[in-house]
Amino acid sequence: ATGIGQGIAEAFAKSGASNISLLSRREAPLAATKTLLEARYPETKVHVFPVDLTDKDATDRVIGTIVSQVGRIDVLMANAGYAHDMKDMMDIEADDWFRSFEVNVKGNFNLLRAFLPHSTPGAAVVETTTILTVPAILGFSGYGASKFASHKLFVYLKADADVIASTDKYTLGMRGWNDHNRARLG
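Structure representation (C-alpha coordinates):
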(Lines of atoms letter the chains of each structure in order from A and count residues from 1; the text may use other names and numbers.)
(Lines give C-alpha, C1' and ligand atoms only; values in the text may rest on other atoms or scores of the structure.)
Protein backbone atom coordinates (compact mmCIF):
# COMPACT_ATOMS: atom_id res chain seq x y z
CA ALA A 1 0.00 0.00 0.00
CA THR A 2 3.05 2.22 -0.41
CA GLY A 3 5.40 3.03 -3.25
CA ILE A 4 4.73 0.92 -6.31
CA GLY A 5 1.61 -0.68 -4.80
CA GLN A 6 0.11 2.71 -4.06
CA GLY A 7 0.94 3.85 -7.59
CA ILE A 8 -0.73 0.78 -9.08
CA ALA A 9 -3.84 1.32 -6.95
CA GLU A 10 -3.99 4.96 -8.00
CA ALA A 11 -3.70 4.00 -11.67
CA PHE A 12 -6.69 1.68 -11.29
CA ALA A 13 -8.69 4.37 -9.49
CA LYS A 14 -7.78 6.95 -12.14
CA SER A 15 -8.93 4.49 -14.80
CA GLY A 16 -12.37 4.29 -13.17
CA ALA A 17 -12.23 1.09 -11.12
CA SER A 18 -15.35 0.94 -8.96
CA ASN A 19 -13.74 -1.18 -6.22
CA ILE A 20 -10.13 -1.64 -5.22
CA SER A 21 -9.09 -4.08 -2.51
CA LEU A 22 -5.66 -3.46 -1.00
CA LEU A 23 -3.75 -6.11 0.94
CA SER A 24 -0.67 -5.34 3.03
CA ARG A 25 1.12 -6.45 6.16
CA ARG A 26 1.01 -2.93 7.59
CA GLU A 27 -2.30 -1.34 8.63
CA ALA A 28 -1.19 2.31 8.83
CA PRO A 29 -0.07 2.54 5.18
CA LEU A 30 -3.27 0.75 4.12
CA ALA A 31 -5.37 3.36 5.92
CA ALA A 32 -3.29 6.22 4.48
CA THR A 33 -3.60 4.91 0.92
CA LYS A 34 -7.34 4.37 1.36
CA THR A 35 -7.76 7.97 2.57
CA LEU A 36 -5.64 9.33 -0.29
CA LEU A 37 -7.43 7.38 -3.01
CA GLU A 38 -10.92 8.08 -1.73
CA ALA A 39 -10.14 11.81 -1.54
CA ARG A 40 -8.79 11.90 -5.09
CA TYR A 41 -11.25 9.42 -6.61
CA PRO A 42 -14.53 9.56 -4.66
CA GLU A 43 -16.28 7.29 -7.17
CA THR A 44 -13.90 4.44 -6.24
CA LYS A 45 -14.55 2.37 -3.13
CA VAL A 46 -11.30 1.33 -1.49
CA HIS A 47 -11.31 -1.73 0.77
CA VAL A 48 -8.31 -2.55 2.94
CA PHE A 49 -7.28 -5.91 4.34
CA PRO A 50 -4.26 -6.28 6.61
CA VAL A 51 -2.72 -9.68 5.91
CA ASP A 52 0.64 -11.41 5.86
CA LEU A 53 0.59 -13.38 2.61
CA THR A 54 3.06 -15.88 4.06
CA ASP A 55 0.18 -17.05 6.28
CA LYS A 56 -1.87 -19.37 4.05
CA ASP A 57 -4.97 -19.49 6.24
CA ALA A 58 -5.07 -15.71 6.66
CA THR A 59 -4.63 -15.23 2.91
CA ASP A 60 -7.45 -17.70 2.19
CA ARG A 61 -9.73 -15.85 4.62
CA VAL A 62 -8.97 -12.42 3.15
CA ILE A 63 -9.59 -13.51 -0.44
CA GLY A 64 -12.82 -15.22 0.64
CA THR A 65 -13.89 -12.04 2.44
CA ILE A 66 -13.15 -9.91 -0.62
CA VAL A 67 -15.21 -12.17 -2.86
CA SER A 68 -18.14 -12.34 -0.42
CA GLN A 69 -18.18 -8.66 0.60
CA VAL A 70 -16.81 -6.80 -2.43
CA GLY A 71 -17.52 -9.15 -5.33
CA ARG A 72 -15.56 -10.90 -8.03
CA ILE A 73 -11.90 -10.13 -8.57
CA ASP A 74 -11.35 -8.97 -12.15
CA VAL A 75 -7.63 -8.23 -11.82
CA LEU A 76 -5.23 -9.77 -9.33
CA MET A 77 -2.11 -7.63 -8.99
CA ALA A 78 0.68 -9.65 -7.39
CA ASN A 79 2.96 -6.89 -6.12
CA ALA A 80 3.96 -7.89 -2.58
CA GLY A 81 7.67 -7.99 -2.09
CA TYR A 82 10.51 -8.00 0.39
CA ALA A 83 14.17 -7.21 -0.17
CA HIS A 84 16.87 -7.78 2.41
CA ASP A 85 19.53 -5.18 3.17
CA MET A 86 22.06 -4.76 0.39
CA LYS A 87 24.81 -7.09 1.61
CA ASP A 88 26.72 -9.94 0.05
CA MET A 89 25.79 -13.51 0.93
CA MET A 90 28.52 -13.86 3.53
CA ASP A 91 27.41 -10.77 5.45
CA ILE A 92 23.62 -11.07 5.38
CA GLU A 93 21.75 -12.79 8.18
CA ALA A 94 20.39 -16.09 6.84
CA ASP A 95 16.90 -15.46 8.22
CA ASP A 96 16.75 -12.08 6.46
CA TRP A 97 17.99 -13.63 3.21
CA PHE A 98 15.30 -16.33 3.37
CA ARG A 99 12.60 -13.77 4.28
CA SER A 100 12.80 -12.70 0.62
CA PHE A 101 11.75 -16.22 -0.36
CA GLU A 102 9.02 -16.33 2.28
CA VAL A 103 7.34 -13.16 1.00
CA ASN A 104 8.22 -13.21 -2.69
CA VAL A 105 7.64 -16.91 -3.39
CA LYS A 106 5.52 -18.38 -0.60
CA GLY A 107 3.42 -15.21 -0.33
CA ASN A 108 2.63 -15.22 -4.05
CA PHE A 109 2.01 -18.98 -3.98
CA ASN A 110 -0.53 -18.50 -1.17
CA LEU A 111 -2.12 -15.55 -2.96
CA LEU A 112 -2.55 -17.47 -6.22
CA ARG A 113 -3.89 -20.56 -4.46
CA ALA A 114 -6.43 -18.43 -2.58
CA PHE A 115 -7.48 -16.50 -5.71
CA LEU A 116 -7.77 -19.28 -8.31
CA PRO A 117 -10.87 -21.03 -6.89
CA HIS A 118 -12.67 -17.67 -7.05
CA SER A 119 -11.39 -16.51 -10.44
CA THR A 120 -13.96 -15.88 -13.14
CA PRO A 121 -13.75 -16.01 -16.94
CA GLY A 122 -11.79 -13.01 -18.13
CA ALA A 123 -9.99 -12.48 -14.82
CA ALA A 124 -6.42 -11.29 -15.20
CA VAL A 125 -3.35 -12.02 -13.11
CA VAL A 126 -0.63 -9.38 -13.27
CA GLU A 127 2.79 -10.07 -11.80
CA THR A 128 5.20 -7.30 -10.95
CA THR A 129 8.81 -8.30 -10.68
CA THR A 130 12.21 -6.72 -11.03
CA ILE A 131 14.99 -6.42 -13.55
CA LEU A 132 17.20 -7.93 -10.83
CA THR A 133 16.00 -11.38 -11.95
CA VAL A 134 18.22 -11.02 -15.03
CA PRO A 135 21.69 -9.74 -14.00
CA ALA A 136 23.47 -10.74 -10.81
CA ILE A 137 23.83 -7.54 -8.78
CA LEU A 138 26.16 -7.61 -5.79
CA GLY A 139 24.22 -7.38 -2.55
CA PHE A 140 20.88 -8.62 -3.87
CA SER A 141 21.36 -12.40 -4.00
CA GLY A 142 18.31 -13.32 -1.91
CA TYR A 143 16.05 -10.71 -3.48
CA GLY A 144 17.08 -11.48 -7.06
CA ALA A 145 16.92 -15.25 -6.58
CA SER A 146 13.55 -15.07 -4.84
CA LYS A 147 12.06 -12.79 -7.50
CA PHE A 148 13.35 -15.17 -10.19
CA ALA A 149 11.70 -18.08 -8.36
CA SER A 150 8.51 -16.04 -7.98
CA HIS A 151 8.49 -15.28 -11.70
CA LYS A 152 8.86 -19.00 -12.48
CA LEU A 153 5.85 -19.64 -10.22
CA PHE A 154 3.78 -17.38 -12.48
CA VAL A 155 5.20 -19.03 -15.62
CA TYR A 156 4.06 -22.40 -14.29
CA LEU A 157 0.69 -20.90 -13.40
CA LYS A 158 0.27 -19.85 -17.01
CA ALA A 159 1.37 -23.28 -18.24
CA ASP A 160 -1.01 -25.18 -15.99
CA ALA A 161 -4.16 -24.79 -18.09
CA ASP A 162 -6.24 -27.18 -15.96
CA VAL A 163 -5.75 -25.06 -12.86
CA ILE A 164 -6.32 -21.69 -14.52
CA ALA A 165 -9.05 -22.54 -17.00
CA SER A 166 -11.06 -19.53 -15.83
CA THR A 167 -8.08 -17.18 -15.69
CA ASP A 168 -7.20 -16.59 -19.31
CA LYS A 169 -4.93 -13.56 -18.95
CA TYR A 170 -1.51 -13.30 -17.39
CA THR A 171 0.72 -10.27 -17.66
CA LEU A 172 4.25 -9.66 -16.47
CA GLY A 173 5.27 -6.18 -15.43
CA MET A 174 9.03 -5.93 -15.00
CA ARG A 175 10.15 -2.80 -13.29
CA GLY A 176 13.59 -1.29 -13.26
CA TRP A 177 15.55 -0.10 -10.26
CA ASN A 178 13.46 1.37 -7.47
CA ASP A 179 14.63 1.55 -3.90
CA HIS A 180 11.45 3.07 -2.42
CA ASN A 181 10.65 1.21 0.78
CA ARG A 182 12.78 -1.69 -0.44
CA ALA A 183 12.75 -3.71 2.76
CA ARG A 184 9.30 -2.58 3.80
CA LEU A 185 7.22 -3.12 0.65
CA GLY A 186 3.88 -4.55 1.58
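Just so we're aligned: the sequence shown equals residues -6 to 179 in this note's numbering. Even for Gly, the Cβ is constructed at its ideal location relative to N, Cα and C.
- Message: With the cut-off set at 9 Å, would you say residue 23 and residue 6 are in Cβ contact?
- Response: no
- Message: Quick test of your reading: residue 44 and residue 16, contact by CB under 8 Å. State the CB separation rounded to the nearest angstrom.
- Response: 5 Å
- Query: Nearest CA to the CA of residue 211: which residue from 131, 127, 132?
  - Reply: Since the displayed the chain opens at -6 and closes at 179, residue 211 lies outside it and no answer follows.
- Note down the Cα distance separating residue 149 from residue 111, rounded to an integer number of angstroms. 19 Å
- Task: Indicate whether residue 46 and residue 12 have their beta-carbon atoms separated by less than 9 Å.
- Result: no
- Message: I want to know whether the stretch 77 to 94 touches the stretch 118 to 133 - three or more CB-CB distances under 8 Å.
- Response: yes
- Query: Between the Cα of residue 124 and the Cα atoms of 52, 144, 61, 109, which residue gives the shortest distance?
  - Reply: 144
- Query: Cβ atoms of residue 67 and residue 107: under 9 Å apart, would you say?
  - Reply: no
- Check whether the Cβ atoms of residue 140 and residue 113 lie closer than 9 Å to each other. no
- Message: DSSP three-state label for residue 17, please.
- Response: strand
- Query: The alpha helix (DSSP H) spanning residue 52 covers which residue range?
  - Reply: 49 to 62
- Task: Note the first and the last residue of the continuous alpha helix (DSSP H) segment covering residue 145.
- Result: 134 to 152
- Taking residue 42 as the reference, which of 27, 120, 33 has the closest Cα? 27
- Query: Under 9 Å, do residue 115 and residue 97 count as touching if we go by C-beta distance?
  - Reply: no
- Which partner residues does residue 46 have in the DSSP bridge list? DSSP output for residue 46 lists no bridge partner at all.
- Where DSSP assigns a beta bridge to residue 38, which residues make up the other side? 12
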